[in-house]
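Novice: Right, I'll just put the structure down here and ask away after.
In this note's numbering, the protein residues as written are 16 to 244.
And the structure:
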């Protein structure tokens with residue numbers, strides 16, 4: 016039996032897993048998936064690690080294409096993820112109508128949590144732009160992954176606030192993590208992260224078929240149900 020490995024960004028976890036499961040059933044090809052933040056995907060591929068299919072941001076895929084590490088013609092667009100404000104499941108839902116309301120919420124938080132992935136890099140820039148980085152000081156917490164954001168907020172119910180991908184929040188809520196979405200980031204400061212899939216160079220022909228499946232119209236319906244549109 017052929018086995019394909021997907022190296023994927025974590026924000027699209029639910030959709031990638033569902034599409035891969037359907038692909039297994041339809042083709043009899045086993046699919047193994049490893050999820051990790053995009054910066055880690057980029058580091059590992061740059062270091063020479065290979066998989067059969069890679070799922071990451073367009074910037075990362077552009078890098079891989081320039082290095083001849085993905086198959087020309089196999090690349091496709093999966094969807095975009097929006098960011099949201101994460102609070103404890105038992106916390107009252109604040110009104111976050113605009114950037115000013117978001118800033119006030121963050122200023123009043125016991126901890127503000129971001130990660131080291133693509134969304135966390137945006138959060139860092141946003142906090143700097145709002146003039147909050149120095150003000151928050153030790154209240155600003157940086158964790159490695161999106162799931163780490165949710166776990167930290169769940170473990171610190173007293174006014175801890177996370178900035179995370181909504182799709183990753185949905186994954187953790189499904190797992191019973193005691194967090195919820197307060198609101199998407201206001202439109203004026205919203206960040207949309209796109210994700211592409213491609214077969215890696217040297218992979219079996221089935222990898223290109225799987226990459227195309229991940230970017231298909233059918234798959235986009237599945238991804239939309241997981242917060243990726």
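All C-beta atoms, glycine included, are put in the ideal place defined by N, C-alpha and C.
By DSSP, does residue 166 sit in helix, in strand, or in coil?
Specialist: Helix.
Novice: Do you know offhand how far residue 51's Cα is from residue 66's?
Specialist: Near 13 Å, if we compare the C-alpha coordinates of residue 66 and residue 51.
Novice: Going by beta carbon distance, what residues of the same chain come within less than 8 Å of residue 219, once the five residues before and after it are set aside?
Specialist: 17, 19, 67
Novice: Extract the residue ranges of the alpha helix (DSSP H) inside the region 92 to 162, only unbroken runs of 4 or more that lie entirely within it.
Specialist: Restricted to the region 92 to 162, the alpha helix (DSSP H) segments that are unbroken, complete and at least 4 residues in length are 114 to 122, 133 to 144, 148 to 151, listed in chain order.
Novice: Which first and last residues belong to the beta strand (DSSP E) in which residue 21 is found?
Specialist: 18 to 23
Novice: The beta strand (DSSP E) with residue 76 in it runs from where to where?
Specialist: From DSSP, residue 76 is part of no beta strand (DSSP E) but of the alpha helix (DSSP H) over 73 to 81.
Novice: With H, G and I counted as helix, E and B as strand and the rest as coil, what does DSSP make of residue 54?
Specialist: Under the three-state reduction of DSSP, residue 54 is assigned to helix.
Novice: Residue 204 lies in the beta strand (DSSP E); which residues open and close that run?
Specialist: Segment: none, residue 204 is in no beta strand (DSSP E) and carries neither H nor E.
Novice: Excluding five sequence neighbours on each side, which residues of the same chain lie with their C-beta closer than 7 Å to the C-beta of residue 163?
Specialist: Excluding positions up to five away in sequence, the list reads 130.
Novice: By the 10 Å Cβ neighbour count, where 16 or more other Cβ atoms means buried, how is residue 57 classified, buried or exposed?
Specialist: Buried.
Novice: Tell me which residues share the same chain as residue 21 and place their Cβ nearer than 6 Å to its Cβ, disregarding the 5 neighbours each side in the sequence.
Specialist: Within the same chain, residue 21 has close Cβ partners 48, 68.
Novice: Report yes or no: do three or more beta-carbon pairs, one from the region 34 to 46 and one from the region 224 to 241, lie closer than 8 Å?
Specialist: Between the region 34 to 46 and the region 224 to 241 there are three or more inter-stretch CB-CB distances shorter than 8 Å, so the stretches are counted as touching.
Novice: Kindly indicate which residue of 125, 84, 95 has the alpha-carbon position closest to the one of residue 28.
Specialist: Nearest option by C-alpha distance: 95.
Novice: Hey, could you find the ends of the alpha helix (DSSP H) residue 182 is sitting in?
Specialist: 181 to 189
Novice: If I measure Cβ to Cβ from residue 141 and keep anything under 7 Å in the same chain, skipping five residues before and after, which residues do I get?
Specialist: 204
Novice: May I ask you to list the residues that DSSP assigns as paired with residue 216?
Specialist: DSSP lists no partner for residue 216.
Novice: With 16 other CB atoms within 10 Å as the buried threshold, where does residue 54 fall?
Specialist: Counting the other CB atoms within 10 Å of its CB gives residue 54 a total of 16 or more, which places it among the buried residues.
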